[in-house]
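Q: Here you go, one structure.
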Amino acid sequence: MSRLEETFRALREAGRTGLVAYLTAGYPSVEETLRLVPALVEGGADVVELGVPFSDPLADGATIQRANFRALQQGVTPGTCLELVAELRRRGLTAPLLLMGYYNPVVAWGEGAFVEAAARAGADGLILVDLPPEEADGLRAACRAAGLDLVFLLAPTSTDERIARVAAQASGFIYCVSVTGVTGARSQLPPGLAEFVGRVRRRTDLPLAVGFGISTREHVEAVGRLADAAIIGSAIIDVVDRAGPSGAGRAGPDAAAQVRAYLETVTGRRRA
């Protein structure tokens, strides 16, 4: 059983909504990432997505685009991301770690070689936003051989045929995109979310996680009535940015504490 499977099984047994937290690897610096990821887990994240910086993150809004650009400016590469995963494991992090990004860097590295390197580093799976299931057979086979989960995304516009295809190929969980748009914190969840998640649920027993636009405790509670986990990304980057200057590759001195406090609030561990 993979770390992801163990985590979602434990969440089901506890009757608790899971939290998947996203952070761009190398933002605002590699050193800060090594401080911030443990803070995410301490604050209540059950799973961590490390974003692999990419030059054209088309599924992401302005916040994560900016984080990608800053990380690339500082020379962060896919290799750097794997080194981060390995160092986090050396420092004792046990939570599931997923590498989230785009397909081009994986192709440039070589599918099989990248998957093997990710597994050696201690990653638990991949989320590649722009990889359709119709073109994923090779990568899926490599992930299966290496013991990594391959998470696919579905959108509200996904047809029942596409949902069934993803359900047959995904592992770990299915990422349900809440909106027909890009990432970014929003004030309200879309009214059609329940119907969309219900369509996915009827076709799979895999855990479902809802992302894009999640930023508050109320959002997490609403998602918990529909799915197994909520995913938060842009709102976490916003907390890091508000903690202080990051232009020189440094966050404010209390960024990790503020990230931890924010997640404690959205998970209900502390009152807002």
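The working numbering puts the first residue of the sequence shown at 86, with every later residue one more than the last.
Note that beta-carbon positions come from the ideal geometry of N, C-alpha and C, so glycine has one too.
Predicted model, so just to flag it, every value in this text is computed and none were measured.
So, is Gly332 buried or exposed, given that buried needs 16 or more other C-beta atoms within 10 angstroms?
A: The predicted position of Gly332 is uncertain, since its pLDDT is 44 and thus under 50; no value can be drawn from it.
Q: Rounded to the nearest angstrom, what separates Ala307 and Arg97 at their Cα positions?
A: 17 Å
Q: Rank Val192, Leu173 and Tyr188 by C-alpha distance to the C-alpha of Asp209 and give the top, closest one.
A: Leu173
Q: DSSP on Ile259, reduced to helix/strand/coil?
A: strand
Q: Just how far apart, CA to CA, sit Arg155 and Val122?
A: 18 Å
Q: Compute the Euclidean distance between the alpha carbons of Arg250 and Arg327, then round it to the nearest angstrom.
A: 41 Å
Q: Confirm the yes/no value for this check: CB of Ala106, any heavy atom of the ligand PLP, distance under 7 Å.
A: Annotation note on the ligand PLP: not contained in the displayed structure, which lists no ligands.
Q: Restricting to Cα atoms, I'd like to know which of Pro181, Asp323 and Pro276 is closest to Leu311.
A: Taking only the C-alpha atoms, the option nearest Leu311 is Pro276.
Q: Within the chosen definition, does the segment 105-116 reach the segment 136-152 through at least 3 CB pairs nearer than 8 Å?
A: yes
Q: Using a Cβ-Cβ cutoff of less than 6 Å, which residues in the same chain neighbour Met185 once the five nearest sequence positions on both sides are dropped?
A: Glu134, Gly136 and Ile212
Q: Tell me which residues share the same chain as Cys228 and place their Cβ nearer than 8 Å to its Cβ, disregarding the 5 neighbours each side in the sequence.
A: Around Cys228: Val200, Gly210, Leu211, Asp234, Leu235 and Ser256.
Q: Could you check the C-alpha separation between Ala147 and Asp323 for me, to the nearest Å?
A: 11 Å
Q: Buried or exposed: where does Ala203 fall if 16 or more other Cβ atoms within 10 Å of its Cβ makes it buried?
A: buried
Q: Taking only the alpha-carbon atoms, compute the straight-line gap between Arg286 and Leu293 and give it to the nearest angstrom.
A: 8 Å
Q: Figure out for me which residue from Arg247, Asp245, Leu239 and Ser243 has the closest Cα to the Cα of Phe258.
A: The candidate whose alpha carbon is nearest that of Phe258 is Leu239.
Q: If I measure Cβ to Cβ from Gln343 and keep anything under 6 Å in the same chain, skipping five residues before and after, which residues do I get?
A: Val324 and Ala328
Q: So, using beta-carbon positions, are Val262 and Phe297 closer together than 8 Å?
A: yes
Q: Determine the extent of the alpha helix (DSSP H) in which Glu117 is found, giving its start and end residues.
A: Val115 to Gly128
Q: Rounded to whole angstroms, how far is the Cβ of Ala309 from the Cβ of Thr102, which I believe are closer than 8 Å?
A: The identity of residue 309 in the sequence shown is Gly, whereas the question assumes Ala. About 3 Å separates the two Cβ atoms, so the contact holds.
Q: Return the Cβ separation of Leu89 and Val132 in integer angstroms, given the expectation that the two are a contact with Cβ distance under 8 Å.
A: 7 Å
Q: Kindly indicate the opening and closing residues of the alpha helix (DSSP H) around Val251.
A: Its alpha helix (DSSP H) spans residues Asp245 to Gln254.
Q: In whole angstroms, what is the alpha-carbon distance linking Ala198 and Gln254?
A: 21 Å
Q: Looking only at its own chain, which residues have a Cβ that is under 8 Å from the Cβ of Glu219, when we skip the five neighbours before and after it?
A: Arg250, listed in sequence order.
Q: Where do the N-terminal and C-terminal ends of the beta strand (DSSP E) with Asp234 fall, by residue?
A: Start and end: Asp234 to Val236.
Q: Can you give the Cα-Cα distance for His304 and Leu348, rounded to whole angstroms?
A: 13 Å
Q: Note down the Cα distance separating Asp339 from Glu246, rounded to an integer number of angstroms.
A: 47 Å
Q: For Arg302 and Arg205, I'd like the C-alpha separation in whole angstroms.
A: 36 Å
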